[in-house]
Amino acid sequence: MPSIQSKVFPIYIDEISNGDHQQNHPNIYLNVLKSLSIHVPSIYSREFVNQQSILDISFKEALLTSTTSLFPKTFQPEILGYTLVNMLLMEQLEILLMILTKLFKKQKEITQLQEFIQLIKTKSCLAQKMHGS
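Written out as structure tokens, the structure is:
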């Protein structure tokens, strides 16, 4: 198992922000929200706990991560599992984003009329076969 630990160690170090608290993920999110003028109460405050806009289900993944991290040797398979799943999801999201970006650029280049003409040209040979002309 030491080889597995050495392979996931860089992920762990990244998750704890490589020792730079400005790069800590929660701090980054809070800074982004602040730049958008979105107020988030301190997580230590009663105001945070009583927010009606946050559903209990929102804490499910955070709770799983927190509790398994308390016993990393015991829950190593689970930690590896959800780390890999999250990595795969991120890869798939990046691919989807690339596809959507290309489609958006293409859509901006083609007018509705051009798209309609392109559709007719593509389907005309099928229509001719079906209608015998």
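With this note's numbering as the guide, the letters of the sequence shown map in order to residues 88 to 220.
Glycine is no exception: its CB is placed at the ideal position from the N, C-alpha and C atoms.
Every unbroken alpha helix (DSSP H) inside the segment 128-165 [4 residues or more]: 133-136 and 147-157
If residue 117 sits next to residue 127, beta carbons under 8 Å apart, how far is it from one beta carbon to the other, in whole angstroms? Here residue 117 refers to the residue found at position 30 of the sequence shown. Here residue 127 refers to the residue found at position 40 of the sequence shown. Indeed they touch by this definition, with Cβ atoms about 6 Å apart.
Among residues of its own chain, excluding the 5 on either side of residue 134, which ones have a beta-carbon nearer than 8 Å to its beta-carbon? By one-based count along the sequence shown, residue 134 stands at place 47. Within the same chain, residue 134 has close Cβ partners 128.
Quick one: what does DSSP say residue 211 is sitting in, helix, strand or coil? Translated into the one-based positions of the sequence shown, residue 211 becomes position 124. Three-state result, residue 211: helix.
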